[in-house]
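*Asks:*
There are 2 protein chains.
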Amino acid sequence: MTTFENMANALRFLSVDAIEKANSGHPGMPLGMADAATVLFTKFIKINPRAPKWFDRDRFVLSAGHGSMLLYSLLYLLGYEDISLDDIKSFRQLGSKTAGHPEYGHLAGIDMTTGPLGQGISSAVGMALAERLINARFGDELCNHYTYVINGDGCLMEGISEEAASLAGHLKLNKLIVLWDNNNITIDGTVDKANSTDQLKRFQAMGWNTFEADGHQGESIEKAILAAQHSDKPSLISVRTIIGFGAPNKQGTSKCHGSPLGAEETALLRENLKWQNAPFDIPQDILSAWRDAGKRSEKAYEDWCESAKAAGQNFKDFIENVLPQNWDKALQDLKVEMINQKTKVASRKASQMCLEKIVPHIPQIVGGSADLAASNLTFVEGMKTVTAADYAGNNVMYGIREHAMGALMNGMALHGGVIPYGGTFFVFSDYMRPSMRLAALMGLRVIYVMTHDSIGVGEDGPTHQPVEHLASYRAMPNMNVFRPCDAVETAECWQLALENESGPSILALSRQNLPLLRTAAKENLCAKGAYVISDVGTNKVRQVTLLATGSEVSLGLEAQKLLAEKGIAAAVVSMPCWELFEKQGQAYQKAVLGDVPCVAVEAGARFGWERYAQAFVCMECFGASGKGEALYAHFSITAEAVAEAAQRLLKA
Amino acid sequence: MTTFENMANALRFLSVDAIEKANSGHPGMPLGMADAATVLFTKFIKINPRAPKWFDRDRFVLSAGHGSMLLYSLLYLLGYEDISLDDIKSFRQLGSKTAGHPEYGHLAGIDMTTGPLGQGISSAVGMALAERLINARFGDELCNHYTYVINGDGCLMEGISEEAASLAGHLKLNKLIVLWDNNNITIDGTVDKANSTDQLKRFQAMGWNTFEADGHQGESIEKAILAAQHSDKPSLISVRTIIGFGAPNKQGTSKCHGSPLGAEETALLRENLKWQNAPFDIPQDILSAWRDAGKRSEKAYEDWCESAKAAGQNFKDFIENVLPQNWDKALQDLKVEMINQKTKVASRKASQMCLEKIVPHIPQIVGGSADLAASNLTFVEGMKTVTAADYAGNNVMYGIREHAMGALMNGMALHGGVIPYGGTFFVFSDYMRPSMRLAALMGLRVIYVMTHDSIGVGEDGPTHQPVEHLASYRAMPNMNVFRPCDAVETAECWQLALENESGPSILALSRQNLPLLRTAAKENLCAKGAYVISDVGTNKVRQVTLLATGSEVSLGLEAQKLLAEKGIAAAVVSMPCWELFEKQGQAYQKAVLGDVPCVAVEAGARFGWERYAQAFVCMECFGASGKGEALYAHFSITAEAVAEAAQRLLKA
């Protein structure tokens with residue numbers, strides 16, 4: 001046995017034995033890709049197991065996340081201190097660091113949560129883009145690294161990867177290197193049962209260089225990666241492998257993809273690969289060879305630390321996504337100005353006014369839109385669009401690729417040194433929902449500028465009018481959904497989104513103009529999620545509460561007047577963010593809601609409002625094509641309807 | 001002016017004048033594609049305006065749905081009786097047939113609702129597949145037509161179209177012909193700002209033939225379409241056009257994409273194209289030429305009617321998606337057998353047992369899975385997989401392409417003669433959500449077999465465990481979400497899904513085994529959405545109601561026992577489908593819920609349950625990796641937790 005074979009087999013058996021012990025997992029990929037991973041991690045990758053978060057490390061994304069044991073085995077063998085043999089032995093058990101799929105934050109050395117196919121390779125494009133953006137700003141000594149991906153056929157068949165790959169080609173992200181585990185097997189059988197695409201030709205058409213390697217020949221793999229490192233374009237390496245390599249009865253078939261090999265086949269694998277060690281027993285010489293590989297970049301790390309030190313606190317703050325002191329002063333001033341001017345604009349326009357005050361003060365901001373910049377108003381003067389010829393920009397033209405935009409933003413946020421926001425119509429957030437879910441799961445600071453947030457869209461009709469979207473994201477854990485009612489609230493929600501380091505935010509913004517409702521700017525009232533924006537008159541006792549968000553808060557205020565005419569004392573609550581409101585104490589919640597009946601008004605699905613209200617002026621069906629005002633009347637989302645609902649409720 | 005030019009200009013000016021009148025709409029595409037559309041609709045397409053639903057007509061999908069006025073102009077000029085000049089004059093007004101984007105069902109001649117980019121071309125693949133499937137069954141005389149698509153760059157950049165196009169190439173759907181409005185413009189500017197892909201090469205890599213045409217030269221377009229008609233693969237025609245053709249100051253730029261040209265530019269367009277007619281005035285000779293074109297296929301239609309008549313009632317029922325008489329007898333028998341056998345299986349397995357009784361009895365069924373057939377259990381003995389060599393099958397291997405699966409199922413349902421179902425893990429329904437929304441909006445009978453429906457997934461962890469999904473689809477209008485609690489309910493939900501002709505259904509099914517809870521099979525208890533599955537004992541008065549769905553109904557029953565031990569009389573309600581329950585009368589709803597406090601138990605987000613319950617045993621965060629049972633305990637979704645919640649609620 002050569003050292004290379006032994007090292008690769010160490011990966012194989014740690015993986016297979018952990019899967020056997022868990023009686024759950026995916027052995028086929030670690031067995032098939034062990035050779036390629038050994039080459040990549042012993043000859044190429046720049047990492048430091050003793051500094052897993054080293055900013056200038058190469059990024060590694062296991063896009064085929066079901067092969068998680070390959071990654072855990074690598075991290076253990078390379079000497080990451082966060083993982084022990086016991087962690088490997090508790091693979092897939094509740095509370096262990098070694099989850100079924102790699103979970104970002106559970107274990108040092110995991111650069112991204114993967115599992116949902118196509119997400120890894122697509123976020124890797126975002127990482128590779130972030131690397132170039134920061135390189136353009138700080139130079140080679142501080143930021144100059146590769147992004148490596150391992151993925152299978154699944155990732156290549158998912159549409160999201162097409163979107164991201166075509167963008168990578170367009171932007172010539174030549175430090176992105178994808179190793180395609182080309183084993184010709186998917187869960188349901190051989191690839192040719194469902195796909196006949198010439199992948200290399202397809203990637204060439206998207207502006208990639210492509211290479212081929214024998215995935216079980218170290219030299220062949222090495223040669224391909226070396227060539228890819230010198231490519232002027234992103235690189236796809238077709239690594240031809242045998243899934244389940246070495247398992248005599250299951251290799252080359254989907255049988256070894258998603259289930260343990262079983263005791264018998266594992267014994268045969270041992271025999272076949274001449275691995276005579278007990279489960280989890282890695283001979284010292286093999287372990288030493290791996291640990292040495294883990295030290296390959298120590299010098300590079302030390303050099304970088306020197307450079308980083310020399311670059312000073314600004315660089316440190318930058319890469320750690322620290323917001324500059326007083327970054328929000330201009331935004332605060334804007335709020336005061338808006339109140340003075342009674343700024344009556346669409347909240348998407350207010351958002352743009354905020355961005356004018358935010359973008360110049362937060363260097364990590366990278367904005368963009370999925371080909372709707374002129375509608376989402378995500379671009380502001382002074383921004384510069386990133387191109388393949390010049391990465392020194394802070395605006396990305398994502399094209400008509402919502403899903404890639406979501407994934408790239410995840411990758412940039414994971415990389416560090418970037419706080420991304422991206423825009424599209426709210427209704428088309430559906431296209432990037434899988435990436436948004438991952439942002440929420442990983443707790444990433446990603447901001448979605450979702451304009452055209454209701455039937456207020458008007459003539460474009462029901463395909464363009466979100467109805468169920470507010471509810472559908474409120475149901476998603478760790479996603480803050482903001483729907484500001486006017487320009488001032490828009491500024492406040494932007495601030496909250498930017499200051500939330502542990503999760504993504506949606507800003508749901510109107511197409512149509514909204515009156516300015518706020519009268520004071522000092523306190524960020526949106527921070528508590530909901531507040532009384534207009535109380536009952538002095539000496540009145542509240543009889544009913546009108547709960548509203550966004551464009552419907554003004555309807556609540558009109559209804560308040562109608563009710564006052566009938567002698568009914570109503571308070572109006574603006575509720576821009578349910579999630580933050582839920583985090584307040586019961587006393588605050590009670591004070592806001594009042595101990596009275598509540599009517600909810602929102603030009604979105606009623607679904608979920610039962611938590612707070614007993615009567616509803618909401619959508620119960622899809623929208624329609626027509627003028628915005630006509631639609632509000634048609635669907636009875638009016639001040640009159642709110643007042644009537646309140647009266648009915650009080651009578652009941 | 002040649003007749004051809006006049007006919008094309010008739011399309012142009014009807015479109016532009018309607019957009020001017022509405023002061024809203026997208027003139028660029030109708031102006032640019034008018035020549036190509038004139039060639040397609042006067043020389044090639046097989047339709048009969050007097051029989052818009054003719055089964056063997058060519059299908060036409062305006063994937064670039066924002067160009068809706070092009071389609072409305074075509075339908076009017078060709079002589080569709082459902083559309084008048086007045087309809088065109090009321091473009092984009094509330095209640096008109098001529099909505100902002102083409103809405104299926106609003107106007108005869110619209111083969112699909114389009115607007116969300118990529119959906120049209122992808123569903124067209126489903127239509128073209130349906131055509132081949134039915135051709136294989138009934139022959140050329142009854143089913144032999146083309147599917148034409150017009151789309152722009154947006155549709156080609158969306159990942160969904162990659163998924164669908166690669167599947168079309170794999171299946172060699174050579175009667176699919178896509179006209180790519182290659183105008184080099186997207187909303188944010190020239191295409192090269194965001195994309196550098198060589199589209200022809202990419203489509204070639206996916207197994208398509210590609211052609212090029214000058215989009216303003218009739219002969220060039222004609223030649224390309226003719227060649228495409230004789231292709232052995234699906235065809236992409238690059239139709240090079242000038243967006244906004246003829247508008248001197250706006251053509252060739254994104255300025256004419258999404259806003260009316262304005263009075264001045266419209267006047268200049270008239271001058272430039274030498275169109276001297278008043279708005280909406282189409283000279284009789286031009287109208288006659290168009291009306292004649294509308295009659296081109298009258299003979300073909302009559303021949304087909306003869307053939308269809310000869311084919312008899314079976315064929316008629318087939319293409320009208322009529323379910324055969326007594327199709328459900330075997331399914332009913334299965335329910336009885338399940339009760340007798342106390343069948344304890346996962347509901348995904350129960351679903352497969354149902355399919356064994358359904359598939360042989362409904363000839364229009366076309367099943368499939370996105371590479372998870374062995375997990376979704378969507379394939380049953382006797383099914384045959386569709387291949388390029390043999391379309392006489394009823395199972396589609398969609399590959400790892402959830403979004404394309406969703407879109408293809410829409411296309412097949414729209415085509416008629418197919419009742420599609422497709423499977424993936426419930427959590428990955430996110431990937432096809434935009435297509436599911438369109439199915440709901442169009443009211444299509446599409447069935448989603450969504451297995452692995454909760455934390456019961458176990459070790460695969462949070463990326464694979466749906467949490468917010470039930471809520472997110474319950475919030476979507478016209479989507480029936482079924483979550484059966486045992487094998488018998490699974491059969492009942494399948495029946496309800498199949499019998500709902502006006503909307504899609506989700507079957508959320510467990511990975512893990514579920515005990516058989518039902519004791520009687522006669523009535524379809526799921527039809528009312530919720531029912532008392534276990535009442536309080538005789539002579540007891542109900543004190544609390546335990547509401548549950550799916551795998552948690554058995555927890556409700558266990559909790560009922562725990563409560564009985566404490567002297568508390570609880571009724572257990574199984575609630576497999578909220579949407580159907582909402583359709584029941586108040587009396588029924590009250591009888592089921594009881595006039596008592598309610599506890600909801602569901603291993604999904606609590607969001608929305610406030611409609612029915614006051615206490616919740618639900619998920620409040622993402623899941624985790626671990627054994628399914630361990631996760632239920634960890635997240636406190638247990639019978640004990642339900643009993644405790646009920647006791648607390650009664651005390652409060």
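So the sequences go chain by chain: A and B.
So for the first sequence, this note's numbering puts the first residue at 1; every next one is plus one.
So for the second sequence, this note's numbering puts the first residue at 1; every next one is plus one.
Glycine residues also receive a C-beta, built at the ideal position from the N, C-alpha and C atoms.
Given this structure, state the Cα-to-Cα distance separating residue 409 of chain B from residue 509 of chain B, to the nearest angstrom.
*Replies:* Numbered from 1 along the second sequence, position 409 holds the residue referred to as residue 409 of chain B. Numbered from 1 along the second sequence, position 509 holds the residue referred to as residue 509 of chain B. Each residue's Cα considered, the two are about 20 Å apart.
*Asks:* Comparing C-alpha positions only, which one of B/549, B/528, B/606, B/533 sits nearest to residue 582 of chain B?
*Replies:* Within the second sequence, numbered from 1, the residue matching residue 582 of chain B stands at position 582. That would be B/528, whose Cα lies nearest to the Cα of residue 582 of chain B.
*Asks:* Within 10 angstroms of its Cβ, does residue 648 of chain B collect 16 or more other Cβ (buried), or is it exposed?
*Replies:* Position 648 of the second sequence, counted from the start, is the residue given in the question as residue 648 of chain B. When all chains shown are included, residue 648 of chain B counts as exposed.
*Asks:* Just to confirm my understanding: we take residue 51 of chain B, look at its own chain, exclude 5 residues before and 5 after, and list those with CB closer than 7 Å. What are they?
*Replies:* Position 51 of the second sequence, counting from 1, holds the residue named residue 51 of chain B. So the qualifying residues of the chain are 301.
*Asks:* Would you call the CB atoms of residue 30 of chain A and residue 67 of chain A closer than 8 Å?
*Replies:* In the first sequence, counting from the first residue as 1, residue 30 of chain A sits at position 30. In the first sequence, counting from the first residue as 1, residue 67 of chain A sits at position 67. Contact: yes.
*Asks:* Check the Cβ of residue 517 of chain A against every Cβ in chain B and list those closer than 9 Å, keeping chain order.
*Replies:* Your numbering for residue 517 of chain A matches position 517 in the first sequence. Those do not exist, as residue 517 of chain A stays about 27 Å from chain B at its closest Cβ, beyond 9 Å.
*Asks:* Using a Cβ-Cβ distance under 8 Å, would residue 598 of chain B count as near chain A?
*Replies:* Stepping through the second sequence from its first residue, residue 598 of chain B is reached at position 598. No, its Cβ sits nowhere closer than 8 Å to a Cβ of chain A.
*Asks:* Run down chain A in chain order and give the residues with a C-beta less than 7 Å from the C-beta of residue 187 of chain B.
*Replies:* On the second sequence, residue 187 of chain B is found 187 positions in, with the first residue counted as 1. Per Cβ cutoff of 7 Å: 371, 372, 374.
*Asks:* Check for me: the beta strand (DSSP E) holding residue 56 of chain A runs from which residue to which?
*Replies:* Along the first sequence, read from residue 1 onward, the residue named residue 56 of chain A stands at position 56. Here residue 56 of chain A belongs to no beta strand (DSSP E), and DSSP marks it neither H nor E.
*Asks:* Could you list the residues in the segment 428 to 450 of chain B with a C-beta less than 8 Å from some C-beta on chain A, going in chain order?
*Replies:* So the close ones are 428, 430, 431, 433, 434, 437, 438, 440, 441.
*Asks:* Excluding sequence positions up to five away, which residues of its chain have a Cβ less than 6 Å from the Cβ of residue 628 of chain B?
*Replies:* Here residue 628 of chain B refers to the residue found at position 628 of the second sequence. If we look at residue 628 of chain B and ignore the five residues flanking it on each side, its Cβ neighbours are 456, 458, 512.
*Asks:* Using the C-alpha atoms, what's the distance from residue 563 of chain B back to residue 654 of chain B?
*Replies:* Chain B is shown only over 1 to 652; residue 654 of chain B falls outside these bounds and no answer can be derived.
*Asks:* By the 10 Å Cβ neighbour count, where 16 or more other Cβ atoms means buried, how is residue 608 of chain A classified, buried or exposed?
*Replies:* Position 608 of the first sequence, counted from the start, is the residue given in the question as residue 608 of chain A. By the 10 Å Cβ count, residue 608 of chain A comes out buried.
*Asks:* The beta strand (DSSP E) that contains residue 447 of chain B, what's its start and end?
*Replies:* Here residue 447 of chain B is taken as the residue at index 447 of the second sequence, counted from 1. Element bounds for residue 447 of chain B: 447 to 451.
*Asks:* Drop a sphere of 10 angstroms on the beta-carbon of residue 306 of chain A, count the other beta-carbons inside from all chains shown, and report buried for 16 or more, exposed for fewer.
*Replies:* In the first sequence, the residue the question calls residue 306 of chain A occupies position 306. With fewer than 16 Cβ atoms within 10 Å of its Cβ, residue 306 of chain A is classed as exposed.
*Asks:* Anyone know if the C-beta pair for residue 86 of chain B and residue 107 of chain B falls short of 8 Å?
*Replies:* In the second sequence, residue 86 of chain B corresponds to position 86, counting from 1. In the second sequence, residue 107 of chain B corresponds to position 107, counting from 1. No; because the gap between Cβ atoms is not below 8 Å, this pair is not in contact.
*Asks:* Mind checking the segment 188 to 199 of chain A against chain B and listing, in chain order, the residues whose C-beta falls within less than 9 Å of any C-beta there?
*Replies:* Of all residues in the segment 188 to 199 of chain A, 188, 189, 191, 192, 193, 194, 195, 196, 197, 198, 199 have a Cβ within less than 9 Å of some Cβ in chain B.
*Asks:* Go through its chain and collect everything with a Cβ distance to residue 294 of chain B's Cβ below 7 Å, but skip five positions before and after it.
*Replies:* For the purposes of this step, residue 294 of chain B is taken as the residue at position 294 of the second sequence. Counting only Cβ-Cβ distances below 7 Å, and skipping sequence neighbours, we find 49, 78, 79.
*Asks:* Over the uninterrupted alpha helix (DSSP H) stretch that includes residue 510 of chain A, give me the two end residues.
*Replies:* Position 510 of the first sequence holds residue 510 of chain A. Unbroken run through residue 510 of chain A: none, as it is neither H nor E.
*Asks:* If distances are taken between C-alpha atoms only, which option among A/143, A/351, A/32 comes closest to residue 64 of chain A?
*Replies:* For the purposes of this step, residue 64 of chain A is taken as residue 64 along the first sequence, with counting starting at 1. Checking every option, the nearest Cα to that of residue 64 of chain A belongs to A/32.
*Asks:* Short of 7 Å Cβ to Cβ, which residues in the segment 114 to 126 of chain A face chain B?
*Replies:* Against chain B - using a Cβ distance shorter than 7 Å - the residues of the segment 114 to 126 of chain A are 115, 116, 117.
*Asks:* Is the separation between the beta-carbon of residue 546 of chain B and that of residue 575 of chain B shorter than 8 Å?
*Replies:* Along the second sequence, one-based indexing puts residue 546 of chain B at 546. Along the second sequence, one-based indexing puts residue 575 of chain B at 575. In this structure, residue 575 of chain B does not lie closer than 8 Å to residue 546 of chain B by Cβ.
*Asks:* Does the separation of the CB atoms of residue 27 of chain A and residue 16 of chain A fall below 8 Å?
*Replies:* Taking the first residue of the first sequence as position 1, residue 27 of chain A is located at position 27. Taking the first residue of the first sequence as position 1, residue 16 of chain A is located at position 16. Yes.
*Asks:* Using beta carbons (cut-off 8 Å, strictly below), is residue 666 of chain B in contact with chain A?
*Replies:* Outside the displayed span of chain B (1 to 652) sits residue 666 of chain B, for which this structure offers no information.
*Asks:* In chain order, what are the residue ranges of uninterrupted alpha helix (DSSP H) at least 4 long that sit wholly in the segment 25 to 95 of chain A?
*Replies:* Qualifying alpha helix (DSSP H) stretches, in chain order: 28 to 39, 68 to 78, 85 to 89.
*Asks:* Taking beta-carbon pairs under 7 Å, can you tell me which members of the segment 158 to 173 of chain A lie near chain B?
*Replies:* So the close ones are 158, 159, 160, 162, 163, 166, 169, 170.
*Asks:* With which residues is residue 238 of chain A paired in a DSSP beta bridge?
*Replies:* Here residue 238 of chain A is taken as the residue at index 238 of the first sequence, counted from 1. For residue 238 of chain A, which the question treats as bridged, DSSP gives the partners A/180, A/212.
*Asks:* Less than 8 Å between CB atoms is the rule here; does residue 285 of chain A satisfy it with respect to chain B?
*Replies:* For this step, residue 285 of chain A is matched to residue 285 along the first sequence. Judged by the 8 Å Cβ criterion, residue 285 of chain A is not in contact with chain B.
*Asks:* Please identify, using Cβ separations under 8 Å, the residues of the segment 91 to 108 of chain A that lie next to chain B, in order along the chain.
*Replies:* Cβ contacts with chain B: 92, 93, 94, 95, 96, 99, 100, 101, 103.
*Asks:* Determine contact between the segment 396 to 412 of chain B and the segment 424 to 441 of chain B, defined as no fewer than three beta-carbon pairs at a distance below 8 Å.
*Replies:* Flag = yes, the segment 396 to 412 of chain B and the segment 424 to 441 of chain B touch.
*Asks:* Are any of the Cβ atoms in chain A nearer than 8 Å to that of residue 206 of chain B?
*Replies:* Walking along the second sequence from the start, residue 206 of chain B turns up at place 206. Yes, contact with chain A.
*Asks:* Assuming residue 433 of chain A contacts residue 483 of chain B under a Cβ cut-off of 8 Å, what Cβ separation, rounded to an integer in Å, is found between them?
*Replies:* For the purposes of this step, residue 433 of chain A is identified with residue 433 of the first sequence, where counting begins at 1. For the purposes of this step, residue 483 of chain B is identified with residue 483 of the second sequence, where counting begins at 1. Rounded, the Cβ-Cβ distance is 20 Å, inconsistent with contact.
*Asks:* Unbroken alpha helix (DSSP H) runs of length 4 or more, entirely within the segment 341 to 395 of chain B: which are they?
*Replies:* Fully enclosed alpha helix (DSSP H) runs of 4 or longer: 347 to 358, 373 to 376.
*Asks:* Shortest alpha-carbon distance to residue 299 of chain B belongs to which of B/621, B/560, B/56, B/567?
*Replies:* Counting from 1 along the second sequence, the entry for residue 299 of chain B is found at position 299. That would be B/56, whose Cα lies nearest to the Cα of residue 299 of chain B.
*Asks:* Per the contact definition of three or more C-beta pairs closer than 8 Å, is the segment 233 to 240 of chain B in contact with the segment 195 to 215 of chain B?
*Replies:* With the cut-off at 8 Å, the segment 195 to 215 of chain B and the segment 233 to 240 of chain B touch.
*Asks:* Using a Cβ-Cβ distance cut-off of 8 Å, determine whether residue 83 of chain B contacts chain A.
*Replies:* Sequence index remark: in the second sequence, residue 83 of chain B carries index 83 (1-based). No, because no Cβ of chain A sits closer than 8 Å to the Cβ of residue 83 of chain B.
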